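Peer 1:
In this note's numbering, the protein residues as written are 77 to 184.
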């Protein structure tokens, strides 16, 4: 069974934006997510295959609504919980308490 990331041959997703956009990041938080990914992977918290699987395992509606780096952030959070680095729901509790910002909480 194909996952939502495998849309080859599917119709209805609209035109592909081919605008030449050379900026690697459009907000500061995106660069921080990449830094977090690199640090956690280097420490052996997870590997690239686990990370890819975490992205591809996102529910279809969530996957399609998320930006590229929002998918990365979601995967990192899922892996931190799965690996026991943080307690399930811990990040959400911190966000709700205003002690943690995530994608979309601010622009830069």
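C-beta: ideal position from N, C-alpha, C; glycine also.
All of these numbers come straight from a predicted model, not from anything done at the bench.
#1: Residues in the same chain with beta-carbon distance under 8 Å from residue 115, minus the five sequence neighbours each way, listed in chain order, please.
#2: Taking all protein chains shown into account, do 16 or more other C-beta atoms lie within 10 angstroms of the C-beta of residue 146, making it buried, or fewer, making it exposed?
#3: What residue does the alpha helix (DSSP H) around residue 152 start on, and which one ends it?
#4: If distances are taken between C-alpha atoms only, which option among 168, 160, 142 and 141 comes closest to residue 121?
#5: By Cβ distance, which residues of its chain are closer than 6 Å to residue 149, with the 5 residues on each side in sequence left out?
#6: In angstroms, rounded to a whole number, what distance separates the CA positions of residue 125 and residue 117?
#7: Would you kindly report the start and end of the unbroken alpha helix (DSSP H) that includes residue 124?
#8: Can you find the residues in the same chain that come closer than 6 Å, C-beta to C-beta, to residue 127, ignoring five residues on each side of it along the sequence?
#9: Taking buried to mean at least 16 other C-beta atoms within 10 Å of its own C-beta, is residue 173 buried or exposed?
#10: At which residues does the alpha helix (DSSP H) containing residue 141 begin and terminate?
Peer 2: Reading off the structure:
#1: none
#2: buried
#3: 144 to 158
#4: 160
#5: 109 and 179
#6: 11 Å
#7: 124 to 132
#8: 151
#9: exposed
#10: 136 to 141
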